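For what it's worth, full-length UniProt numbering labels the leading residue of the sequence shown as 1, then goes sequentially. Think of the CB as a built atom: it goes at the ideal place given N, C-alpha and C, for glycine as much as any other residue. Fair warning: this is a prediction, and the values are worked out from it, not measured in the lab.
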Amino acid sequence: MTAVISLNAPWLAADTLRLPEKLQPWLLEPASLTARLKAHCQQFRLALLAETTTELPDFLWPCLPAISGACVRREVLMSCNQQPAVYAQSWLPESSRRQLHQLTALGEQPLGEFLFQFPDLCRGPIEVARLQLAEATAGIAAGEYWARRSVFSVADAPLLVAEVFLPAVELL
Ligand SMILES: C=C(O[C@@H]1C=C(C(=O)O)C=C[C@H]1O)C(=O)O
């Protein structure tokens, strides 16, 4: 099964682009995006779209250079007040899943609620891109969306998290 949205795009450091005013605080949010969404809506829901064991695609190798072998690609859709708001795609290396066992059983628990409990959580620089969705899928209309990505690590266990912001976010 291919990813709902491909992350193969021209990613750039967030401070090199003029970001849309309404989305800028979301794209640059340094803390948990889940927590930000929950703070901005009455009804938050996370739907697990897929968790697929696969190889890291070559265009993501620079993000996780020390990783070889299989990863789990986790895809979720987070909705606010019954409107899809953020599609997230995370790449969880098997080596990181062995170190952080909870990553193997998140289900519909938001990844951020697990990650941001660690005082030694590290986050690399936030990159942004405009992603193209060629056709509607998983309740997301075809179109062009702003996205961000960064690499988190806990005790040297890295994982890549990317988030695609849907139009409803601009209304929050
Ligand atoms: C990393 C976070 O976790 C969020 C939840 C995710 C999930 O459950 O798969 C993925 C990306 C984030 O939007 C966060 O809250 O910042």
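query: Pick out whichever of Leu166, Phe118, Arg148, Leu160 has its Cα sitting closest to the Cα of Trp91.; result: Leu160
query: Should the stretch 95-111 be called in touch with the stretch 66-76, which here means at least 3 C-beta pairs below 8 Å?; result: yes
query: Smallest Cα separation from Phe59: which of Ser6, His101, Cys41?; result: Ser6
query: Would you call the stretch 147-161 and the stretch 120-129 in contact, with 3 or more CB pairs under 8 Å?; result: yes
query: Have a look at the DSSP bridge pairing and note the partners of Cys122.; result: Ser153
query: Can you determine whether any heavy atom of ligand 2 sits closer than 7 Å to the C-beta of Thr34, and answer yes or no?; result: In the structure shown, ligand 2 is absent; the only ligands present are ligand 1.
query: Beta-carbon within less than 6 Å of Glu51's beta-carbon, same chain only, minus the 5 sequence neighbours each way: which residues are those?; result: Val72, Arg74
query: Which residues bound the alpha helix (DSSP H) around Phe114?; result: 111-115
query: Using a Cβ distance threshold of 8 Å, determine whether the stretch 107-118 contacts the stretch 131-142, with at least three qualifying pairs required.; result: no
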